Amino acid sequence: MGFTTITAQSKSDKEVKAIAKTFVQAADVQDADLLASVLYEDALQFVLFGPKVMKMTGNDFVGMIKAKKLGGTPRSTSFKHVAVEENDTASVTLQATSNEYDFIYHLNLFKHEGKWKIFTINTRVNPVNG
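So the sequence shown is numbered by the working numbering: it starts at 90 and just counts up by one.
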């Protein structure tokens, strides 16, 4: 893939990476409350799976995790890009891979009421053997 890994050093970079990793882990263990804790209340997710694009709200995503319709499979994660601007907005690209699927997440975050929150998620899902 054409990504360049950027090693985060600042406190904000570390905080943003922790939120992104929590986002993935919450889905992996199907912890809807943990997932909701890192999403902005009106978050949007767009998922590209093959030729199909699906749009869902953060609440829809949390509901699907809670109902065990998504997630539940551990994935390894690697950060491809982390950028924090003005200590209140950030973007993260990370890869989360299971035995079955490879997820590329592009997350946009902002600091809301003193806490980092994910407000948009663009996801590409590829079969590992495809």
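For glycine and all other residues, C-beta sits at the position ideal for the given N, C-alpha and C. Since the structure is predicted, the reported quantities are computational estimates derived from the model, not experimental observations.
Whole alpha helix (DSSP H) runs in the region 105-188 with 4 or more residues, listed along the chain?
121-127 and 147-155
On the criterion of 16 or more Cβ atoms from any shown chain inside 10 Å, does A132 qualify as buried, or is it exposed?
buried
Whose CA, out of I210, D120, V127 and S187, lies closest to the CA of E104?
V127
Per DSSP, the bridge partner or partners of K206:
F199
Within 8 angstroms, strictly: CB atoms of A185 and V113:
yes
Consult DSSP for S99 and reduce its assignment to one of helix, strand or coil.
coil
Give a yes or no on whether the C-beta atoms belonging to V181 and A121 are separated by under 8 angstroms.
no
Looking at C-beta atoms only, is the number of pairs between the region 134-144 and the region 205-219 that lie closer than 8 angstroms three or more?
yes
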